[in-house]
Structures are given as structure tokens and as C-alpha cells.
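Accompanying notes for the structure given below.
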Amino acid sequence: ETGVTQTPRHLVMGMTNKKSLKCEQHLGHNAMYWYKQSAKKPLELMFVYNFKEQTENNSVPSRFSPECPNSSHLFLHLHTLQPEDSALYLCASGYRGKNEKLFFGSGTQLSVL
Amino acid sequence: GESVGLHLPTLSVQEGDNSIINCAYSNSASDYFIWYKQESGKGPQFIIDIRSNMDKRQGQRVTVLLNKTVKHLSLQIAATQPGDSAVYFCAENPRETSGSRLTFGEGTQLTVNP
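Here it is in C-alpha cells:
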């Protein structure tokens, strides 16, 4: 295990639903990230949080809404998604201010119908 | 066996052979590079990293080589095993950022035949 836990592992939702993805890290890191991984495409950075503050929003549509209540927990709230949003959503954690490796969770496989 | 960047996203080798996975990066300001392994149904798992002040770094059965002149990174896996079958990603991080902001390549699917 990497010390980063994501739930749920799989999620199927309709375009009118509202759901949330959860991530928790047990590594004492102070930066957390959301990445999107679509089939046959590189991982795309979505959001970065340092010490609960959002420091980067990589032009992500507003139907994705992140929340970071503390340095150990990260959420991604989803509403009115589109079928093209179906992908693997990965959470990662690392150290703020340090150029070092990130630790990833196993991801949530999202299908939007 | 050897892959060539984005034009050969799959690499098939025999068990016991050495594997070489290549990656071309684009940002000359990048000073930190990582290789990740991703198995089916799992998130990316750290393998090895290297900073731009080094040309080579070795781990257990793995070696990363960095050629800054041509912006090329490679991962060598010695005595490849079936458990090495996975997608391998290189990632780079620009020097000017405060903290990690990894940019990933497309990945290479490594298949090890018994």
C-alpha cells in the first residue's frame, strides 16, 4: 500500500447525479493532488492543494469541485458530469515546497452514463 | 527489448531479458524526473527518480539514464520478470515550481513473455 486511500474504487453515475470522491493520506504530507487518467492519454493534473489552500486549477470545468478540509483529506465533488468525464481519477500526495516524488492512490474508476 | 518514445507504446520481451523503455521530455527547465509503474487496477507506483545534476542512477534491477543534451530519459530493467508487466510512465518536474507539479508522458506497455 502507498499510504494514500481512495474511495470508492468504482463509481457509475448519471449525468444529473451528484457524487463525491474521497482521498485520505497517512504519510504526513502537506500537499495533495487530483489527476485524471483517460484511456490512452497521459495523466492530467487537475488540482493542487498546499496546506488546504488550492494553489492550482488546471482549467478544470466547474462541474468538478475540489475540497480540502485538512492536509490529510481531499474530496472531489461531481455534478452534472458528461460521458467524456468517464476516466480514472487519481489522488496523490507529496511535500509542499519540495521537488520530490508523489504517492498515488489506486484511483476511482468513474463511468458517466 | 527497447521502446522508442511515443511512437512505440508497447514493448514485448522474454523473461530474463533486459528491457529498455525510453522517454523524450520537452521542457529544458525540468530538473527532476521520475519513472512510475502502473499495474492494471492500481495507481502509479514509484520506481526510481533522478535529478538533473546526475546522468545515471541505479536501483534494484533498475537503472535510469538521463541525457540532458537531447532531453532523453530511459529506464533499464535487468532480468525482466513476469511481474514487471505493466505500463511505465516517465514524469518531469520544472525547476521553477515550488513543490511537485509532475507532467507525465503517455506511457509504455511492457509485456513479459514466460
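Chain order of the listed sequences is U and R. Each residue of the first sequence is one higher than the one before, starting from 1 at the first, in my numbering. Each residue of the second sequence is one higher than the one before, starting from 1001 at the first, in my numbering. Even for Gly, the Cβ is constructed at its ideal location relative to N, Cα and C.
Neighbour list for glycine 105 (chain U) in chain R, Cβ cutoff strictly below 7 Å: The count along the first sequence starts at 1 and reaches residue 105 (chain U) at position 105. Near glycine 105 (chain U) (Cβ distances below 7 Å), the residues of chain R are Gly1043.
Length of the line joining the Cα atoms of threonine 1069 (chain R) and lysine 1056 (chain R): Locating residue 1069 (chain R) in the second sequence gives position 69, where the first residue counts as 1. Locating residue 1056 (chain R) in the second sequence gives position 56, where the first residue counts as 1. Their backbone Cα atoms lie some 14 Å apart in a straight line.
Sheet register partners of valine 1070 (chain R) (DSSP bridge): The count along the second sequence starts at 1 and reaches residue 1070 (chain R) at position 70. According to DSSP, valine 1070 (chain R) bridges with nothing at all.
Through-space distance from tyrosine 1032 (chain R) to isoleucine 1021 (chain R), alpha-carbon basis: Counted from its first residue, the second sequence places residue 1021 (chain R) at position 21. Counted from its first residue, the second sequence places residue 1032 (chain R) at position 32. Each residue's alpha carbon lies about 18 Å from the other.
Rounded separation between serine 1019 (chain R) and lysine 1037 (chain R) - CA only: On the second sequence, residue 1019 (chain R) is found 19 positions in, with the first residue counted as 1. On the second sequence, residue 1037 (chain R) is found 37 positions in, with the first residue counted as 1. If I take the Cα positions, the gap works out to 14 Å.
Neighbourhood of histidine 26 (chain U) by C-beta, 6 Å cutoff - its chain only, sequence neighbours within 5 removed: One-based indexing of the first sequence puts residue 26 (chain U) at position 26. Contacts found: Gly3.
Exposure label - proline 1082 (chain R); buried when at least 16 CB within 10 Å: In the second sequence, residue 1082 (chain R) corresponds to position 82, counting from 1. When all chains shown are included, proline 1082 (chain R) counts as exposed.
Counterpart residues of phenylalanine 51 (chain U) in DSSP-defined beta bridges: Position 51 of the first sequence, counting from 1, holds the residue named residue 51 (chain U). Paired residue(s): none; phenylalanine 51 (chain U) is not in a bridge.
Close beta carbons around proline 1138 (chain R), own chain, < 8 Å, minus the five adjacent residues each side: The displayed coordinates of chain R run from 1001 to 1114. Any statement about residue 1138 (chain R) would go beyond what the structure contains.
Alpha-carbon to alpha-carbon, phenylalanine 1046 (chain R) and leucine 102 (chain U): Position 102 of the first sequence, counted from the start, is the residue given in the question as residue 102 (chain U). Position 46 of the second sequence, counted from the start, is the residue given in the question as residue 1046 (chain R). Spanning the two alpha carbons is a distance of roughly 8 Å.
CB contact check: arginine 1057 (chain R) to chain U, cutoff 9 Å: Taking the first residue of the second sequence as 1, we reach residue 1057 (chain R) at position 57. Taking Cβ atoms only, chain U never reaches closer than 9 Å to arginine 1057 (chain R), which makes this a no.
Cβ-based burial, leucine 21 (chain U) [other Cβ within 10 Å; buried from 16]: By one-based count along the first sequence, residue 21 (chain U) stands at place 21. Flag for leucine 21 (chain U) reads buried.
Residue(s) in a DSSP beta bridge with histidine 73 (chain U): Within the first sequence, the letter at position 73 stands for residue 73 (chain U). Histidine 73 (chain U) is bridged to U:Glu24 and U:Asn70.
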